[in-house]
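In this note's numbering, the protein residues as written are 51 to 256. Down below is the structure, laid out as structure tokens.
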DNA sequence: TGCAAACCATAAC
DNA sequence: GTTATGGTTTGCA
């Protein structure tokens, strides 16, 4: 039986769905309803579940990880994620995305070069990411250094997440995961670019 | 800059 | 099966 647990921390609702000591999907949102409905949209249509009022230790621990990542802190990502139902391609994209360190971002195109497929296909995987923000799809941006989009909350949320992940890095680097190489650049580059071009950051529309 | 075409894994018919 | 849809990129005017 799938168990769903939601919790409000510092004004944001976090939600996890777990089964057999594994995380099946996660979410967060402004309201309990938005977090919950996002969770449900990631589940098969008629899967049965129960909403926990008293969390298991595992659910509580999972929520804590969500909150830690959300706050831009370095998290210990030792959670078991249930990926059995995902396609091979999706798993590859999620895996390489999870290797992007805090304080850096990468690009849709860079990821598609590493794992195959096209930038759009990578974007599709991100949009359907079952493990936000544990799998840091907010660290994937467009190659022109603009944010792109963010389906779980919009680009304002993406921007805030990245802002909290600033670590003061100054140069890009290449990380290697399973022999595949991926360029990552300091998140500061994106923040700088965003404040310069964003309509709401400088009070100007265009 | 702005637009159009190519990109390719999924979801929806 | 086939078509439609993107969290994109690139090239060309």
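Where is the CB? At the ideal position from N, CA and C, for every residue including glycine. Small disclaimer: the values here were computed from a predicted structure and weren't measured.
How would you label residue i, buried or exposed, when you count the other beta carbons within 10 angstroms and need 16 or more for buried?
i, result
"residue 268", "Residue coverage of the chain in this structure runs from 51 to 256, which leaves residue 268 outside it and unanswerable."
"residue 251", "With a pLDDT of 41 at residue 251, under the threshold of 50, the predicted position of this residue should be treated as unreliable, and no value is reported."
"residue 168", "exposed"
"residue 73", "buried"
"residue 208", "buried"
"residue 256", "Since pLDDT at residue 256 reaches only 28, below the 50 mark, its modelled position is unreliable, and the value read off the structure follows with that caveat. Exposed."
"residue 176", "buried"
"residue 206", "exposed"
"residue 96", "exposed"
"residue 115", "buried"
"residue 103", "exposed"
Alpha carbon to alpha carbon, how far is residue i from residue j?
i, j, result
"residue 88", "residue 235", "30 Å"
"residue 127", "residue 79", "21 Å"
"residue 55", "residue 105", "6 Å"
"residue 159", "residue 136", "21 Å"
"residue 121", "residue 194", "26 Å"
"residue 254", "residue 172", "At residue 254, the pLDDT of 30 sits below 50, so the modelled position is not reliable and the matter cannot be decided from this model."
"residue 221", "residue 227", "19 Å"
"residue 152", "residue 118", "12 Å"
"residue 81", "residue 64", "9 Å"
"residue 155", "residue 201", "17 Å"
"residue 174", "residue 218", "30 Å"
"residue 83", "residue 66", "13 Å"
"residue 224", "residue 165", "15 Å"
What residue from the options has the CA that sits closest to residue i's CA?
i, options, result
"residue 185", "221, 140, 240", "140"
"residue 260", "192, 97, 241", "Look at the range of the chain in this structure, 51 to 256, and you will see that residue 260 is not part of it."
"residue 124", "69, 238, 211", "211"
"residue 239", "213, 129, 109", "213"
"residue 75", "203, 170, 179", "179"
"residue 61", "85, 68, 51, 69", "85"
Which residues does DSSP list as the beta-bridge partners of residue i?
i, result
"residue 77", "65"
"residue 154", "236"
"residue 190", "156"
"residue 200", "DSSP lists no partner for residue 200."
"residue 72", "69"
* Asked: Counting Cβ pairs closer than 8 Å, one from the region 176-195 and one from the region 141-148, do we hit at least three?
  -> Result yes; three or more Cβ-Cβ pairs closer than 8 Å.
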